[in-house]
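Protein chains in written order, with our numbering: chain G, 40 to 573; chain F, 3 to 475.
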Amino acid sequence: MTDSRLGAASVAPSASAPFDAVTPPPPSPATTAALGQRLGAAAAVLLAGHPAGHVDDLLARGNGVLADALVRHVQQTKVDSELWLVLVALTAAFPDVEFFLGVRRSLGVTAPEFALSSVFETIQQSYRPLKCLDSELEIVTDRPVADVDFCAKYDHNTGIQRVVRETFSRWIGDHELELACWSAGDNALRELSPVERRRVVDWDAWKQTPPASRPTSTPPGFRPRLVVPYATTVLLPEVARDGYWSALSSLAQFSGNRVGLIGYDTIPIASADLIAENESEKFAKYLSIVKNADRVAAISASAADEFRGFARAASAQGIPPATVVSVPLAVQTPTRGTAPARRAGQGRPASKLVLMVGNQEPRKNNLAVLFAAETLWREGLDFRLRMIGGGSSEYTRFVDREVKRLARAGHAVELLRGAPDSVLVDSYAEAHCTVFPSTHEGFGLPVAESLAMGVPSITTDYGSTLEIAEGGGCLTVDPRDDRQLVAALRSMLTEPGVHERLVAEAEARPPRDWNDYAAELWHDLVDPLERDLR
Amino acid sequence: MLSKTVLGRDSQPGSVDGYLALLAPAVEGDTNLLWLSHAAIAAVFPRHDEFERFRRDQALNGALPALAALVAAAKRPFAPNRGVGIRIATDTIVVDVHHTARTGLATGIQRVVRQTILQWQGRAEVELVGWDANFTGLRHLSAPERQNALHGSVPRITRPRDWVLTIPFGTTYILPELALERGRTDRISCLAEFSGNRTTVIGFDCVPLTSSETVGAGMSAAFANNLAGLAHFDRISTISGAAATEYRGWRQMLSGAGITGPEIEPLLLPSVAEDVSAADFELARTRLLTGDDPLVVCVGSHEPRKNHLAVLYAAERLWREGVRFQLVFIGGNGWNGDAFRRQLERLQGEGRPVKAISAVSDSLLWSAYRLSYVTVFPSLNEGFGLPVGESLSAGTPVVTSDFGSMKEIASGGGAIFVDPRDDDDVYRGMRAGLTDPELHARLSAEAAALPARGWSEYADALWQYFVPTSQPV
Numbered sequence: 040m041t042d043s044r045l046g047a048a049s050v051a052p053s054a055s056a057p058f059d060a061v062t063p064p065p066p067s068p069a070t071t072a073a074l075g076q077r078l079g080a081a082a083a084v085l086l087a088g089h090p091a092g093h094v095d096d097l098l099a100r101g102n103g104v105l106a107d108a109l110v111r112h113v114q115q116t117k118v119d120s121e122l123w124l125v126l127v128a129l130t131a132a133f134p135d136v137e138f139f140l141g142v143r144r145s146l147g148v149t150a151p152e153f154a155l156s157s158v159f160e161t162i163q164q165s166y167r168p169l170k171c172l173d174s175e176l177e178i179v180t181d182r183p184v185a186d187v188d189f190c191a192k193y194d195h196n197t198g199i200q201r202v203v204r205e206t207f208s209r210w211i212g213d214h215e216l217e218l219a220c221w222s223a224g225d226n227a228l229r230e231l232s233p234v235e236r237r238r239v240v241d242w243d244a245w246k247q248t249p250p251a252s253r254p255t256s257t258p259p260g261f262r263p264r265l266v267v268p269y270a271t272t273v274l275l276p277e278v279a280r281d282g283y284w285s286a287l288s289s290l291a292q293f294s295g296n297r298v299g300l301i302g303y304d305t306i307p308i309a310s311a312d313l314i315a316e317n318e319s320e321k322f323a324k325y326l327s328i329v330k331n332a333d334r335v336a337a338i339s340a341s342a343a344d345e346f347r348g349f350a351r352a353a354s355a356q357g358i359p360p361a362t363v364v365s366v367p368l369a370v371q372t373p374t375r376g377t378a379p380a381r382r383a384g385q386g387r388p389a390s391k392l393v394l395m396v397g398n399q400e401p402r403k404n405n406l407a408v409l410f411a412a413e414t415l416w417r418e419g420l421d422f423r424l425r426m427i428g429g430g431s432s433e434y435t436r437f438v439d440r441e442v443k444r445l446a447r448a449g450h451a452v453e454l455l456r457g458a459p460d461s462v463l464v465d466s467y468a469e470a471h472c473t474v475f476p477s478t479h480e481g482f483g484l485p486v487a488e489s490l491a492m493g494v495p496s497i498t499t500d501y502g503s504t505l506e507i508a509e510g511g512g513c514l515t516v517d518p519r520d521d522r523q524l525v526a527a528l529r530s531m532l533t534e535p536g537v538h539e540r541l542v543a544e545a546e547a548r549p550p551r552d553w554n555d556y557a558a559e560l561w562h563d564l565v566d567p568l569e570r571d572l573r
Numbered sequence: 003m004l005s006k007t008v009l010g011r012d013s014q015p016g017s018v019d020g021y022l023a024l025l026a027p028a029v030e031g032d033t034n035l036l037w038l039s040h041a042a043i044a045a046v047f048p049r050h051d052e053f054e055r056f057r058r059d060q061a062l063n064g065a066l067p068a069l070a071a072l073v074a075a076a077k078r079p080f081a082p083n084r085g086v087g088i089r090i091a092t093d094t095i096v097v098d099v100h101h102t103a104r105t106g107l108a109t110g111i112q113r114v115v116r117q118t119i120l121q122w123q124g125r126a127e128v129e130l131v132g133w134d135a136n137f138t139g140l141r142h143l144s145a146p147e148r149q150n151a152l153h154g155s156v157p158r159i160t161r162p163r164d165w166v167l168t169i170p171f172g173t174t175y176i177l178p179e180l181a182l183e184r185g186r187t188d189r190i191s192c193l194a195e196f197s198g199n200r201t202t203v204i205g206f207d208c209v210p211l212t213s214s215e216t217v218g219a220g221m222s223a224a225f226a227n228n229l230a231g232l233a234h235f236d237r238i239s240t241i242s243g244a245a246a247t248e249y250r251g252w253r254q255m256l257s258g259a260g261i262t263g264p265e266i267e268p269l270l271l272p273s274v275a276e277d278v279s280a281a282d283f284e285l286a287r288t289r290l291l292t293g294d295d296p297l298v299v300c301v302g303s304h305e306p307r308k309n310h311l312a313v314l315y316a317a318e319r320l321w322r323e324g325v326r327f328q329l330v331f332i333g334g335n336g337w338n339g340d341a342f343r344r345q346l347e348r349l350q351g352e353g354r355p356v357k358a359i360s361a362v363s364d365s366l367l368w369s370a371y372r373l374s375y376v377t378v379f380p381s382l383n384e385g386f387g388l389p390v391g392e393s394l395s396a397g398t399p400v401v402t403s404d405f406g407s408m409k410e411i412a413s414g415g416g417a418i419f420v421d422p423r424d425d426d427d428v429y430r431g432m433r434a435g436l437t438d439p440e441l442h443a444r445l446s447a448e449a450a451a452l453p454a455r456g457w458s459e460y461a462d463a464l465w466q467y468f469v470p471t472s473q474p475v
């Protein structure tokens with residue numbers, strides 16, 4: 040077998056074609072050299088038992104000779120993790136489950152001298168575009184590898200991205216870590232460019248850079264190495280995009296790495312009726328990774344319970360359940376940025392402000408809040424209701440309609456979409472209380488935020504919001520019982536003693552910042568995985 | 003009719019307004035009666051958001067104006083079920099077999115539904131119902147639909163033009179099939195949460211949730227909606243302990259939504275061998291067998307979850323070693339079966355005795371179980387591994403997975419258990435079944451000695467669980 044055949048394997052025509060096979064162009068010298076580098080790196084790990092110079096001797100005789108030696112080696116040892124590594128080196132891609140099993144089976148019924156060609160045949164039949172054949176790789180064995188794909192590539196910064204950026208900007212100074220994102224063609228993990236790295240670990244400074252003067256993510260000539268975790272910890276702190284689930288599920292099953300992830304919630308399954316269908320579909324695919332993971336650090340005890348439930352359901356397939364722990368998120372109060380503070384008392388109306396922060400969607404229960412407010416207005420209570428948050432679903436239209444109707448009837452209600460943080464901060468400063476009777480949250484951020492700002496909150500009497508409420512400063516209600524919501528809001532508005540007590544409780548809550556979260560997450564998620572390995 | 007159910011009498015006030023005046027004070031603040039009123043006046047089962055809007059309207063403005071608004075909406079020229087009459091079912095047990103009544107399919111689920119309702123035919127209170135074309139509510143089945151529900155003999159017939167909305171109230175609603183249609187699951191969910199009826203369902207499996215990698219696009223989302231519809235049910239009877247484990251895991255996931263979820267108990271399906279006439283058996287023999295080598299049969303559609311590639315791998319190894327046997331796959335084309343077909347054709351091209359048969363009759367299937375020396379079923383996840391039970395009931399040993407429902411069904415003996423994710427273990431299991439005559443004899447004897455449990459026992463136990471106050475027939 041020659042080098043040229045090897046480099047072009049993915050486009051080699053079928054031997055049984057009834058017409059003259061088109062001869063593929065020979066691979067570029069760079070492609071051939073990259074393959075040699077990858078095979079050499081894999082051999083350094085897998086053929087380490089051989090005398091010094093053995094691998095060099097093989098490589099000197101050509102890439103094909105070394106590939107053949109590696110494939111025969113894994114055919115003999117039958118160790119999944121070794122086969123996984125050889126396939127990564129050959130294809131410059133993390134194998135998906137179907138392809139991995141296809142190769143494993145073909146090796147099981149093929150004579151050693153045909154082993155390599157049977158692998159090529161399976162590669163060809165997998166029809167997966169291989170876009171990284173000219174990439175070199177680095178096999179990472181001595182430190183955790185974290186997939187921070189979305190945070191590295193996009194400037195978006197809400198929920199999950201905030202958790203990832205706050206965490207990794209702290210970890211990167213304290214621990215040995217390899218950050219990675221997905222390569223061209225979503226084939227494999229690769230190293231980050233300097234800009235991508237800044238986006239993850241230096242977000243605050245990055246977002247201060249005016250967009251016009253930001254350098255491009257991947258500068259011309261940027262030729263990233265693939266990052267190949269082997270016998271180490273792989274961390275998945277984001278909810279992996281749907282294109283990655285098969286390769287990641289395969290990694291969790293076969294690569295021998297230990298996989299740990301942050302579990303945010305299972306809302307797309309457990310509250311599927313309140314969610315767009317494609318979200319449920321994508322999340323179910325994501326769960327195929329969770330099913331094969333070793334450890335999950337959920338963002339609340341309630342979310343931990345949900346992930347344990349899923350692990351329990353999957354145990355019917357004879358899959359050992361992941362260990363699930365809970366590491367509650369930090370609470371960061373919003374800052375007003377550079378916007379000027381509104382002077383106290385300036386144009387401030389006399390009536391109390393009730394604030395609701397969050398998107399308008401069925402789960403957030405905005406219509407119940409509007410109902411409670413209307414009930415109390417009709418009773419003659421004087422207060423204002425302000426809702427801050429986006430919305431895009433059909434539910435948003437119902438909310439809009441109700442808000443309009445109430446405003447026309449002369450009630451003090453307003454709905455702010457796309458309001459800047461400064462408006463949020465001012466609203467908290469002004470608020471008498473907040474309401475957040477969500478039916479399902481992984482972590483009720485608006486409640487935690489409100490309490491950290493010293494504003495008492497009315498929230499849900501179960502799940503993650505109850506966990507937060509237990510620290511003081513809240514009235515809790517069954518979000519499916521409108522009467523309880525009405526009673527709580529009435530009490531908050533009309534009983535000064537209750538309100539004062541809750542304000543005092545809110546102010547007495549111990550702060551929990553991102554340093555706390557990052558340290559605990561490392562201790563409860565990464566340390567145990569690393570201990571298992573080393 | 004509504005006033006008769008709500009007030010216990012129909013005082014015939016003579017006008018709609020008169021009725022509303024009587025009804026309003028009776029239903030105000032009573033969630034179950036509000037649901038009933040909504041369904042009866044609109045002649046449409048409400049969805050969750052519609053019902054919440056109505057309930058809030060009556061809380062803010064009083065029941066009379068809220069009911070009057072419903073009446074006004076129902077009278078609009080284009081109101082959905084303007085001309086549809088209603089019937090309030092308070093003394094029947096309503097069994098929703100919508101899909102079974104209309105489908106031409108006869109897979110595992112339809113089989114369970116049909117065998118169960120056949121057994122329930124003697125119970126006078128059972129009322130078979132389906133849905134209208136737009137999934138706005140339940141209706142009594144037409145005679146041919148009923149025929150198809152019970153026997154599968156008249157699929158896809160036209161729906162009756164005139165239909166009456168059947169509103170269960172104060173009774174039991176039984177859903178023995180898998181409901182995936184969005185409008186249907188939405189309205190069932192609302193019924194379960196607010197109507198006050200006892201709501202019960204057969205739980206088959208949670209494969210689209212727990213093995214999403216093995217199902218086609220869109221299935222997981224549809225199934226998640228089905229689950230959301232079941233969250234407010236009272237009872238789920240699962241077809242195996244493994245399925246109960248899956249549903250209980252899902253119920254634990256509901257904790258974050260503050261929902262307790264249904265009571266969940268397993269009730270293992272029966273496996274009943276069917277007789278085959280001598281003539282059919284001979285026909286099957288000619289169709290299935292080539293030569294005298296022992297037959298290995300693998301039953302199930304070709305999809306990744308069934309693990310047929312592992313069976314082909316194990317078979318190829320055995321043939322290469324010189325073990326003599328012939329392999330027949332029986333099952334339709336499922337999802338993503340390309341790789342299977344490719345391997346099958348390759349092995350056939352190499353002269354291996356293997357074939358795949360789809361679209362088989364019951365007599366061919368049962369002949370195959372009896373003609374087999376051993377069957378193989380190393381599936382990755384099953385709510386109930388039907389071919390395991392069927393093989394054993396025919397007295398044929400089976401090589402199957404060492405967990406889940408497959409292990410449960412074969413726990414009484416007759417099986418060789420393997421790790422289906424380890425191809426070489428599947429190979430070892432098949433090798434032992436084919437080459438160890440003593441083991442084979444022992445497993446065959448175990449299979450023959452398994453106690454027979456029939457559909458009547460299953461259907462009775464299911465009825466007792468769903469309608470616990472009832473007396474055995």
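Beta carbons: idealized from backbone N, C-alpha and C, even for Gly. Model, not experiment: these values are computed from the prediction.
For G:G384, is the classification buried or exposed, using 16 other Cβ atoms within 10 angstroms of its Cβ as the cut-off for buried?
Caution is warranted here: a pLDDT of 49 is assigned to G:G384, below 50, making its placement in the model unreliable, and no coordinate value can be reported.
With 16 other CB atoms within 10 Å as the buried threshold, where does F:H142 fall?
buried
Own chain residues within Cβ distance below 8 angstroms of G:N404, not counting five before or after:
P476, S477, T478 and P518
Which same chain residues end up closer than 8 angstroms to G:P360 when comparing Cβ atoms and leaving out the 5 residues on each side of it in sequence?
R347, A350, R351, A353 and S354
Do F:Y315 and G:G147 count as a contact pair if the criterion is CB distance below 8 angstroms?
Pairing G:G147 with F:Y315 gives a Cβ-Cβ distance under 8 angstroms.
Using the Cβ count rule (16 or more neighbours within 10 Å means buried), how would you classify F:H310?
buried
Using 8 angstroms as the limit for Cβ to Cβ distance, is G:Y283 near chain F?
no
Determine, using beta carbons only, whether F:A244 and F:S395 come nearer to each other than 8 angstroms.
No, the Cβ-Cβ distance between F:A244 and F:S395 is not below 8 angstroms.
By Cβ distance below 6 angstroms, which residues in the same chain neighbour G:D188 in space, the five residues on each side in sequence not counted?
For G:D188, where only same-chain residues beyond five positions count, the Cβ hits under 6 angstroms are C220 and W221.
With H, G and I counted as helix, E and B as strand and the rest as coil, what does DSSP make of F:V274?
Three-state DSSP puts F:V274 in coil, outside helix and strand.
How long is the line joining the alpha carbons of G:W284 and G:G302, rounded to whole angstroms?
15 angstroms
Quick one: what does DSSP say G:G357 is sitting in, helix, strand or coil?
coil
Where does G:S288 sit, in a helix, a strand or coil, going by DSSP?
helix
Assess contact between the stretch 255-272 of chain F and the stretch 419-436 of chain F, defined as three or more Cβ pairs (one per stretch) separated by less than 8 angstroms. Is contact present?
Proximity of the stretch 255-272 of chain F to the stretch 419-436 of chain F falls short of the contact definition, fewer than three beta-carbon pairs being nearer than 8 angstroms.
Please report how far the alpha carbon of G:D520 lies from the alpha carbon of G:A527, in whole angstroms.
Taking the straight line joining both Cα atoms gives about 11 angstroms.
Spatially closest choice to G:A311 from F:G302, F:R289 and F:L256, by CA coordinates:
Looking at the Cα atoms, F:L256 is the closest of the given residues.
Taking its Cβ as the centre, do 16 or more other Cβ atoms sit within 10 Å of G:P258, making it buried, or is it exposed?
exposed
Please classify G:A108 as buried or exposed, where buried requires at least 16 other C-beta atoms within 10 Å of its C-beta.
buried
Spell out whether any CB of chain G is found under 8 angstroms from the CB atom of F:T247.
At least one chain G Cβ lies under 8 angstroms of F:T247.
What residue range does the alpha helix (DSSP H) around G:P68 cover?
P68 to L85
Of all the CB atoms in chain F, is at least one closer than 8 angstroms to the CB of G:P307?
yes
G:V335 at chain F interface by Cβ criterion, 8 angstroms:
no
Give the interface partners of F:L367 over in chain G, defined as CB-CB distance under 7 angstroms, in chain order.
Going along chain G, no residue has its Cβ under 7 angstroms from F:L367, so there is no contact; the nearest lies around 26 angstroms.
Using the beta-carbon count (16 or more within 10 Å), is G:R570 buried or exposed?
It is exposed - the Cβ of G:R570 has fewer than 16 other Cβ atoms within 10 Å.
Taking Cβ positions, are F:V278 and F:W368 nearer each other than 8 angstroms?
yes
Have a look at G:Q76, G:T149 and G:G88 and flag the residue whose alpha-carbon is nearest the alpha-carbon of F:R319.
Comparing alpha carbon positions, the residue from G:Q76, G:T149 and G:G88 closest to F:R319 is G:T149.
With DSSP run on the structure shown, which of helix, strand or coil describes G:R253?
In the three-state reduction of the DSSP assignment, G:R253 falls in the coil class, being assigned neither a helical nor a strand state.
Whole beta strand (DSSP E) runs in the stretch 291-327 of chain G with 3 or more residues, listed along the chain?
297-302
Give the DSSP bridge partners of F:T202, in chain order.
For F:T202, which the question treats as bridged, DSSP gives the partners F:I176 and F:R237.
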